[in-house]
Structure formats: structure tokens, C-alpha cells
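Protein chains in written order, with my numbering: chain X, 950 to 1262; chain P, 4 to 55.
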């Protein structure tokens, strides 16, 4: 048994216990457990989907849907941190999370996640509609069980397949606004799905030692940095037409299409830099630049899609 | 022989964090009640109609 963080203890592969004392967890520890930065991207993509969906949704119903999606994402984050507490403790990027630091006991995090998930799905179903609630429940299940508990530790394709969970919020938002699913939210799903691998692999190129220490089969650990750079470039190239697809298929105006094409070409250029710069600080910087730009890429695409639908059209 | 159960005595930090958590839970429940109230007003009679 070894000590980690401030108070948690790990036995074998699991965080076994936090010192058996009444909790000192603050509200901010529970907020951190919900992965607020991931949640913000989830809420933003769902918000755009709700706003561009046809028909009228009452602002209060739209707000309720987004609140439930945010809480559902937070629940998935908490359950992810509960399950991954052992590997989180081994990586610098995640060792400061509430469970490895001993601020929150694993059981508390599990209960918190389950309660939040139940409330988010139940409230979304009762106050908005049950299709959106079912999609939210499936998203939480996919992220926690399929990605976190299964794929993450067994295959380098973990974030490719697991990326489906992060791609679903626009579909949930669309279902909340319209009561159904159509081509447009599926295109938004595909954009995030193909955006996820270059985004995460850029990060994993820089953190390869940490992933190796935690025995996570991330692509750079299993197939090497060279293959990862090749895959990043491939996905970035595929992302260009997929990013522009809402315009190419007539669901968005030219302002979106041109923005998507320019942003897509820039993404490929950053991926190309990652491919070319293989060694030392330059390689690390190129990966950092791609990671940072990929966040901007997704934000710009969805923001322009919103402007296109609400102002230009 | 003293058979009184041992009681946990909370430290000041534990008391403070418990109070903060209790307030957060109370606020969350308040928001939930308000949410149901407002959505019921917004939906009107349609609140009973919940097709899949």
C-alpha cells in the first residue's frame, strides 16, 4: 500500500480508502469532480444545437435542457474520476484531482455521480422529453462504462470510440428542442467525433511518459509517436470536409462554409507541423499548438454555425 | 466498565466544510423546486402531455 496525494491510499490498482474521518471536502472539490472545463464545451455545443434547431423552444425549457445536460456531463465526470482514481494518482496532469488528493472518498464520488446522473436524466425526461433523457442516459453510460471502465485500459482506439460520448451533446440538445433527430445533429456529432482524436492525441504526444507509467494504452505508448503523428494528420484531413459538411449539404450558409474550410486547412497545417517536427522542444511545441488550436477550431465552428443560423439566415 | 458509544468530534475545518456542503445541497434543492414550478407555469396544461 502506498500513499498518494494528501490522504488517499492505493492498494494494487485501486484507491482503497481515504482516512476514515468525517469529510473535509469543500463545495469546490465537488465542482472539480464534475470536470467543469469539459462541461463547458459540452454545454456550448448543446447550446448551439438547441439554438439552431428548427421551431421554437421556450427559453425556460431550453435552459432546463442545458442544465440537465451540464449536470449529466458532471455526473459522468464524477463517475470517471471515481473509476480512474488509481491511474489519476500516477499522472501529474490528474494527480491533483479530489480523490487522489484525499479530499473526497471514492465512495462519496460514486454516490455523488449516481445521484447527479439520476436527477439529470429524470428531470430532463419529466420537464423536456424522454428522447433527450434517453440519449443523455446513454451518453453517461457510454462514457462511464464503455469508455472509462472498458476501452480506456485495453485499446489505443479508446478515445476514438469513446469520443462518441463527447459527440452526443448536440444530438441531445436537438432532441430536446425538436423531440426528434435529423441529419443536422448527426453532422454536428461527426464533426466532434472526428475532431476528438487529433485533439487528444496531440495532448498524449506530450504526456506519453505519464500514460506509459499509468499503463494506459494510448496510441503513442502502443504504436509510437511516429504512427500517432500520421494518424493525427489523417484525422485532421478527414475533418476538413466533415467540418464543412453542414454547408456542403445545404444546412448552413457560405459564411459558415468558408469559415469551416479555413479553420480546417489551419488544423491540417498544425497537424502537418506536428508530423514534420519530430524531436525535442519543437515537437512538443507543435503538439501544444495543435492541442490549443483544436479547442479554438471547435469553438469557432459552433459559434459561426450559431451566427449563421440566427443572424445571417 | 464504560459502555457509552464513542462519538466523533468534528474539527472546526470539518464543521465548516459540512456547513458549506449543507448550504450547497439546500440551494440545489431550492433551484430544483423553482425549476419545476416555473416549467409547470410555462407549460400550462401541456405539462401533463409527455409524448416520447
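Note that CB positions come from ideal geometry on N, CA and C, so glycine has one too.
Residue i versus residue j - alpha carbon distance
| i | j | result |
| --- | --- | --- |
| residue 1175(X) | residue 1082(X) | 41 Å |
| residue 1068(X) | residue 982(X) | 17 Å |
| residue 1130(X) | residue 1120(X) | 7 Å |
| residue 1099(X) | residue 974(X) | 29 Å |
| residue 7(P) | residue 990(X) | 53 Å |
| residue 997(X) | residue 1203(X) | 18 Å |
| residue 10(P) | residue 972(X) | 15 Å |
| residue 1158(X) | residue 1208(X) | 36 Å |
| residue 1044(X) | residue 1007(X) | 42 Å |
| residue 23(P) | residue 1071(X) | 26 Å |
| residue 36(P) | residue 1004(X) | 28 Å |
| residue 1182(X) | residue 1224(X) | 7 Å |
| residue 1187(X) | residue 1055(X) | 40 Å |
| residue 1257(X) | residue 1000(X) | 11 Å |
| residue 1178(X) | residue 1232(X) | 10 Å |
| residue 45(P) | residue 1073(X) | 15 Å |
| residue 1229(X) | residue 1155(X) | 11 Å |
| residue 1034(X) | residue 1075(X) | 33 Å |
| residue 1243(X) | residue 12(P) | 50 Å |
| residue 1111(X) | residue 1153(X) | 15 Å |
| residue 20(P) | residue 26(P) | 10 Å |
| residue 15(P) | residue 1241(X) | 42 Å |
| residue 987(X) | residue 48(P) | 37 Å |
| residue 1038(X) | residue 1113(X) | 26 Å |
CB contact check: residue i to chain X, cutoff 8 Å
| i | result |
| --- | --- |
| residue 27(P) | yes |
| residue 49(P) | no |
| residue 15(P) | no |
| residue 42(P) | yes |
| residue 45(P) | yes |
| residue 32(P) | no |
| residue 24(P) | yes |
| residue 38(P) | yes |
Cutoff 8 Å: residue i Cβ touching any chain P Cβ
| i | result |
| --- | --- |
| residue 971(X) | yes |
| residue 983(X) | no |
| residue 976(X) | yes |
| residue 1005(X) | no |
| residue 1009(X) | yes |
| residue 1076(X) | yes |
| residue 1127(X) | no |
| residue 994(X) | no |
| residue 1013(X) | yes |
Secondary structure of residue i, DSSP reduced to three states
| i | result |
| --- | --- |
| residue 975(X) | coil |
| residue 2(P) | With chain P covering 4 to 55 only, the question about residue 2(P) has no answer from this structure. |
| residue 1180(X) | helix |
| residue 1254(X) | helix |
| residue 1104(X) | coil |
| residue 984(X) | coil |
| residue 1165(X) | coil |
| residue 1205(X) | helix |
| residue 1153(X) | helix |
| residue 1078(X) | coil |
| residue 1049(X) | coil |
| residue 1117(X) | coil |
| residue 1228(X) | coil |
| residue 1158(X) | helix |
| residue 46(P) | helix |
| residue 1175(X) | helix |
| residue 1039(X) | coil |
Residues of its chain near residue i, where Cβ-Cβ distance is below 8 Å and the 5 sequence neighbours each way are ignored
| i | result |
| --- | --- |
| residue 1105(X) | 1166, 1167, 1168, 1170, 1171 and 1172 |
| residue 1124(X) | 1078, 1080, 1081, 1084, 1130 and 1134 |
Exposed unless 16 or more other CB atoms sit within 10 angstroms - verdict on residue i
| i | result |
| --- | --- |
| residue 1147(X) | buried |
| residue 1151(X) | buried |
| residue 18(P) | exposed |
| residue 2(P) | No answer is possible for residue 2(P): it lies beyond the span of chain P, which begins at 4 and ends at 55. |
| residue 1051(X) | buried |
| residue 51(P) | exposed |
| residue 1140(X) | buried |
| residue 1259(X) | exposed |
| residue 1184(X) | buried |
| residue 1191(X) | buried |
| residue 1093(X) | buried |
| residue 1253(X) | buried |
| residue 930(X) | Nothing about residue 930(X) can be reported from this structure: the residues present for chain X run from 950 to 1262 only. |
| residue 1160(X) | buried |
| residue 1180(X) | buried |
Beta-carbon contacts of residue i that lie in its chain and below 6 Å, excluding the five residues immediately before and after
| i | result |
| --- | --- |
| residue 1249(X) | 1212 |
| residue 1210(X) | 1193 |
| residue 1053(X) | 974, 978 and 1047 |
| residue 1245(X) | none |
| residue 1116(X) | 1138, 1141 and 1142 |
| residue 1021(X) | 1069, 1085 and 1089 |
Contacts around residue i, its chain only, beta-carbon distance under 7 Å, and the 5 residues preceding and following it disregarded
| i | result |
| --- | --- |
| residue 1269(X) | Any question about residue 1269(X) goes unanswered here, given that chain X covers just 950 to 1262. |
| residue 1143(X) | 1184, 1187, 1188 and 1191 |
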